[in-house]
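Protein chains in written order, with this note's numbering: chain R, 230 to 474; chain C, 15 to 272.
Virtual Cβ for every residue (Gly too), placed ideally from N, Cα, C.
For reference, the structure discussed in these notes is given below.
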Ligand SMILES: Nc1ncnc2c1ncn2[C@@H]1O[C@H](COP(=O)(O)OP(=O)(O)OP(=O)(O)O)[C@@H](O)[C@H]1O
Ligand SMILES: [Mg+2]
């Protein structure tokens, strides 16, 4: 069985600025990859290319067996099979928690309202906030909102989950509740690419850690080795900054 | 609001002074409802409300739809579509209402005729078309600003849960933008009502035209134009009361949105 994500020599430009520089990456089914690196190193751009929020300019990108070109049709092939969780949650503020969850299943997957609701309740249980179902997202705490966002992504029953700094916008006391939910998912075998600076999470959950700088992947390592003996000067420097703060 | 009330009270005093004064500066008899001719005049003047309201409502309705059609290309990623929007908005916005009214009323029929089309444009439709088109440039900008004010993350989230462009507009962007679009749109309606006074010059029997006609026969401009101003004042106050109510209603929704 081949990898579910395969990037070969993928580059991405913003104007003349090269945000991704010949990135090669393979992620196999069930694997958990943590991506870290300094600000502006292209981590978000990487996951956004995989979820088709950005188009890549060079190289080939294959996700779930479909080669993704910048033709809209190819991204439809992976529609709703790749889900994404954002730093800023991006819940729909005008809809209740429940309506946030059933929007994708009913409109994009064509599920009946009843089936979508069953699914929504199931995933709300999973993220441990079934009692908030009828509230507007604005009334929830940051940690709760992010868990709703995770449930919303799960409601599409995706094969790959992408997380872009899911805890960076949270108050410290709420980080654990969100990481716990992600950790549970990891244990259940979900394929995940997680951009995060939570090195404790990387240690616990990651099969592999990827270190990026200036649009390039500088290092790929197991978490144990990455923390014990990082291979590049820049990853050493980065780890010092993140761990010793 | 406080200021409005004070202004209102001052105006009432001025009017009362005019009514009771024997100096002859004021001649309220022209619209004194206790006399037969005064009553006829009042009925004639107030009879303009219907036309003013109808023209304004129709023009606003068309402008709301036309504005949306004009606004949509401005949200496109294609620069050609975006420039179509810009050209329309800048061009229409630059034309003063009165010349546009003349052009539509006197000029457009000539174009139709030269095309061999038998289309008549009467004062009513001339006014409706002109008001709607000139206002549409503004409503288009209101739509554009409202839609663009919705954070980019909303569209992206909609995309990652598999919604198509139109679905994300329909279920995610537009419902949120509407809360920001409705109050300025309603405000725009006030402008339409006031601008509809221009329709008097092409002979439409609305409030202003009727006032002019009585002024010509009675030669009492002060009293009649004072009444005219109050007629508009009442109309606009009613609308702005509605706008307030709308804003409050949407505002209380907004507060538990974020
Ligand atoms: N839409 C855009 N237009 C122009 N430049 C962009 C755009 N998005 C990202 N960039 C640039 O590309 C580079 C990589 O951005 P990216 O968001 O991927 O970094 P990041 O590693 O996620 O950083 P952070 O940790 O701050 O989130 C940055 O220098 C950024 O300024
Ligand atoms: Mg980022």
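Nearest chain R C-beta to residue i closer than 8 Å, yes or no?
i, result
"residue 270 of chain C", "Summary for residue 270 of chain C: the model assigns pLDDT 47, below 50, so the residue's position carries little reliability; its value from the coordinates is reported in the next sentence. Taking Cβ atoms only, chain R reaches closer than 8 Å to residue 270 of chain C, which makes this a yes."
"residue 246 of chain C", "no"
"residue 233 of chain C", "no"
What do you get for residue i, buried or exposed, if any count of 16 or more other CB atoms within 10 angstroms of its CB means buried?
i, result
"residue 238 of chain R", "exposed"
"residue 19 of chain C", "exposed"
"residue 266 of chain R", "buried"
"residue 40 of chain C", "buried"
"residue 105 of chain C", "exposed"
"residue 190 of chain C", "buried"
"residue 360 of chain R", "exposed"
"residue 440 of chain R", "buried"
"residue 437 of chain R", "buried"
"residue 294 of chain R", "exposed"
"residue 385 of chain R", "buried"
"residue 144 of chain C", "buried"
"residue 57 of chain C", "exposed"
"residue 453 of chain R", "exposed"
"residue 270 of chain C", "Caution is warranted here: a pLDDT of 47 is assigned to residue 270 of chain C, below 50, making its placement in the model unreliable, and no coordinate value can be reported."
"residue 223 of chain C", "buried"
"residue 64 of chain C", "exposed"
Would the C-beta of residue i count as close to ligand 2, meaning under 7 Å from any of its heavy atoms?
i, result
"residue 413 of chain R", "no"
"residue 394 of chain R", "yes"
"residue 309 of chain R", "no"
"residue 254 of chain C", "no"
"residue 166 of chain C", "no"
"residue 273 of chain R", "yes"
Could you tell me if the beta carbon of residue i falls within a distance shorter than 7 Å of some heavy atom in ligand 1?
i, result
"residue 243 of chain R", "yes"
"residue 246 of chain R", "yes"
"residue 270 of chain R", "yes"
Is there at least one Cβ from chain C nearer than 8 Å to residue i's Cβ?
i, result
"residue 298 of chain R", "no"
"residue 412 of chain R", "no"
"residue 371 of chain R", "no"
"residue 336 of chain R", "yes"
"residue 385 of chain R", "yes"
"residue 381 of chain R", "yes"
"residue 282 of chain R", "yes"
"residue 472 of chain R", "no"
"residue 332 of chain R", "yes"
Please go through the same chain and pick out, in chain order, the residues whose beta-carbon is closer than 6 Å to the beta-carbon of residue i, but skip the five residues on each side of it.
i, result
"residue 460 of chain R", "448"
"residue 418 of chain R", "259"
"residue 272 of chain C", "With a pLDDT of only 44 at residue 272 of chain C, under the threshold of 50, the placement of this residue in the model should not be trusted, and no figure is reported."
"residue 10 of chain C", "Nothing in the structure corresponds to residue 10 of chain C, since chain C is present only between 15 and 272."
"residue 164 of chain C", "187, 190, 191"
"residue 284 of chain R", "299"
"residue 261 of chain R", "415, 421, 434, 435, 436"
"residue 383 of chain R", "352"
Among the residues of its own chain, which have a CB less than 7 Å from the CB of residue i, if the five just before and after it don't count?
i, result
"residue 78 of chain C", "153, 199"
"residue 155 of chain C", "103"
"residue 140 of chain C", "115, 118, 119, 216"
"residue 462 of chain R", "none"
Among residues of its own chain, excluding the 5 on either side of residue i, which ones have a beta-carbon nearer than 8 Å to its beta-carbon?
i, result
"residue 256 of chain C", "200"
"residue 296 of chain R", "289, 290, 303"
"residue 197 of chain C", "257, 260, 261, 264"
"residue 235 of chain C", "229"
"residue 376 of chain R", "356, 357, 358, 406, 407, 410"
"residue 282 of chain R", "313"
State yes or no: is the C-beta of residue i nearer than 7 Å to some heavy atom of ligand 3?
i, result
"residue 266 of chain R", "Inclusion of ligand 3 in the displayed structure is not the case, the ligand content consisting of ligand 1 and ligand 2 alone."
* To do: Give, in chain order, every residue of the stretch 307-327 of chain R whose Cβ lies closer than 7 Å to some Cβ of chain C.
  => 308, 309, 312, 313, 315, 317, 319, 321, 322, 323
* **Contact list for the stretch 156-176 of chain C against chain R, Cβ threshold 7 Å** => 167, 168, 170, 171, 173, 174, 175, 176
* To do: Using a Cβ-Cβ cut-off of less than 7 Å, list which residues of the stretch 181-200 of chain C approach chain R; keep chain order.
  => 181, 185, 186, 189, 190
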